[in-house]
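Using UniProt numbering, the first residue of the sequence shown is number 1, and each one after it goes up by one.
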Amino acid sequence: MTLFDETGNSAQRFVASDNWVTRFMARYDLSMRRRTNLTTLTDDVLTDRAVSYMAFLEEHKPDMDPARVIMMDETAVFFEDPCLYTVNEHGAHHVVMRSTGFASMRVTAMLSVTLSGKKLSPVIIWKGTTTTTFERVGGCLVIQQPKAWAVFGVGFDASAHREACEGRVCEEEDQDVCGLMPYLQASDVGIYRSFKDRMVGLITAWKESDAVTYTRGVNPRPPFVETVADWVSTAWKRVPEEVVMSSIYGCGFDDDFKE
Numbered sequence: 001m002t003l004f005d006e007t008g009n010s011a012q013r014f015v016a017s018d019n020w021v022t023r024f025m026a027r028y029d030l031s032m033r034r035r036t037n038l039t040t041l042t043d044d045v046l047t048d049r050a051v052s053y054m055a056f057l058e059e060h061k062p063d064m065d066p067a068r069v070i071m072m073d074e075t076a077v078f079f080e081d082p083c084l085y086t087v088n089e090h091g092a093h094h095v096v097m098r099s100t101g102f103a104s105m106r107v108t109a110m111l112s113v114t115l116s117g118k119k120l121s122p123v124i125i126w127k128g129t130t131t132t133t134f135e136r137v138g139g140c141l142v143i144q145q146p147k148a149w150a151v152f153g154v155g156f157d158a159s160a161h162r163e164a165c166e167g168r169v170c171e172e173e174d175q176d177v178c179g180l181m182p183y184l185q186a187s188d189v190g191i192y193r194s195f196k197d198r199m200v201g202l203i204t205a206w207k208e209s210d211a212v213t214y215t216r217g218v219n220p221r222p223p224f225v226e227t228v229a230d231w232v233s234t235a236w237k238r239v240p241e242e243v244v245m246s247s248i249y250g251c252g253f254d255d256d257f258k259e
């Protein structure tokens with residue numbers, strides 16, 4: 001830091017070799033730290049869960065109607081990707097990562113498709129007082145939750161989502177919810193990867209426009225729910241059908257089941 005204060009961004013800026021940096025970090029017990037997922041499972045646990053899921057699937061496939069079985073999960077699209085690496089003391093368990101005002105903003109959406117490949121209306125989980133009913137905003141359904149995340153109460157109300165999307169509720173009262181989230185999710189690499197790629201472009205365009213407003217402390221304000229609903233609806237429509245079907249196949253279903 002002393003060297004940087006002395007040279008700053010001048011033409012005589014200090015430059016060090018890789019070996020110098022390595023020795024410097026070793027001298028002060030520093031190391032490169034990378035963001036990781038705190039939820040980690042052993043290979044044995046992952047294998048056991050995967051086998052249990054496939055066993056459940058094979059048992060219930062004969063009774064499933066592809067048009068009435070819904071694959072649903074939530075995902076968060078952050079307005080700015082946080083830094084993946086930083087330098088901190090070796091062995092530190094919790095490291096603070098600096099970020100901008102946009103980094104704390106996110107859009108939480110629940111995307112749903114039937115096993116026949118039909119996209120259902122996306123759900124936006126908006127930060128606010130908890131609500132138990134959905135509000136139609138543009139092409140999306142909006143429900144509020146204090147932390148803007150799909151807690152048990154939101155996910156359990158899947159029948160209400162079906163009712164809002166299709167105007168009817170599944171006749172069966174006993175419904176089983178199964179899956180491998182957040183450990184093995186084919187839909188996350190397929191549907192959500194494609195969805196997020198399209199959302200990023202829309203969010204970036206908003207950040208670079210004059211539509212962004214700021215607080216007195218010069219922190220950006222989040223967009224209106226109507227704006228977010230337009231983004232989510234547009235991005236969801238742009239997810240290709242082949243991506244949706246590929247994700248369905250990756251979750252254990254095939255062409256024969258679709259028919």
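Just so you know, even glycine gets a beta-carbon here, dropped at the ideal spot from N, CA and C.
Mind checking residue i: buried by the 16 CB within 10 Å criterion, or exposed?
i	result
M32	exposed
V123	buried
T133	exposed
T204	exposed
T108	buried
L41	exposed
M54	exposed
V15	exposed
T22	exposed
G217	exposed
F24	exposed
T75	buried
V51	exposed
V228	buried
M71	buried
V177	Any answer about V177 is weak, because its pLDDT of 43 lies below 50 and its placement is not dependable; what the coordinates show is given next. So V177 ends up on the exposed side.
With residue i as the anchor, note down where its alpha helix (DSSP H) starts and where it stops.
i	result
S52	43-60
T204	191-207
V243	241-250
F24	18-27
R216	No alpha helix (DSSP H) holds R216; DSSP gives it neither H nor E.
V225	225-238
Spatial neighbours of residue i within its chain, please: C-beta separation below 7 Å, excluding the five flanking residues on both sides.
i	result
V45	none
V243	G190, I191, S194
F102	F79, E80, K207, P220
R238	R198
G252	M54, L57
E89	D29, L30
P223	W206
So, at 8 Å on beta carbons, what are the nonlocal neighbours of residue i in its own chain, with the 5 sequence-adjacent residues on each side left out?
i	result
E135	L141, V142, I143
S233	P122, G138, G139, C140
T215	R221
M199	V77, V107, W231, V232, A235
E241	G117
V225	I124, W126, V137, V142
For the beta strand (DSSP E) that contains residue i, what are its first and last residues?
i	result
K127	123-127
D73	70-78
A103	Looking at the DSSP string, A103 is not in any beta strand (DSSP E), and its letter there is neither H nor E.
L141	140-145
M32	30-34
V137	135-137
In its own chain, which residues sit with a C-beta less than 6 Å from the C-beta of residue i, not counting the 5 before and 5 after it?
i	result
L202	W231
Practice task
Take every Cβ of the stretch 186-206, pair it with every Cβ of the stretch 235-249, and state whether three or more of those distances are shorter than 8 Å.
Solution key: Output reads yes: the stretch 235-249 touches the stretch 186-206.
Handout entry: Validate contact between the stretch 111-120 and the stretch 128-135 using beta carbons, cut 8 Å, 3 pairs
Key = Using a Cβ-Cβ distance cut-off of 8 Å, the stretch 111-120 and the stretch 128-135 are not in contact, since fewer than three pairs of beta carbons, one from each stretch, lie closer than that value.
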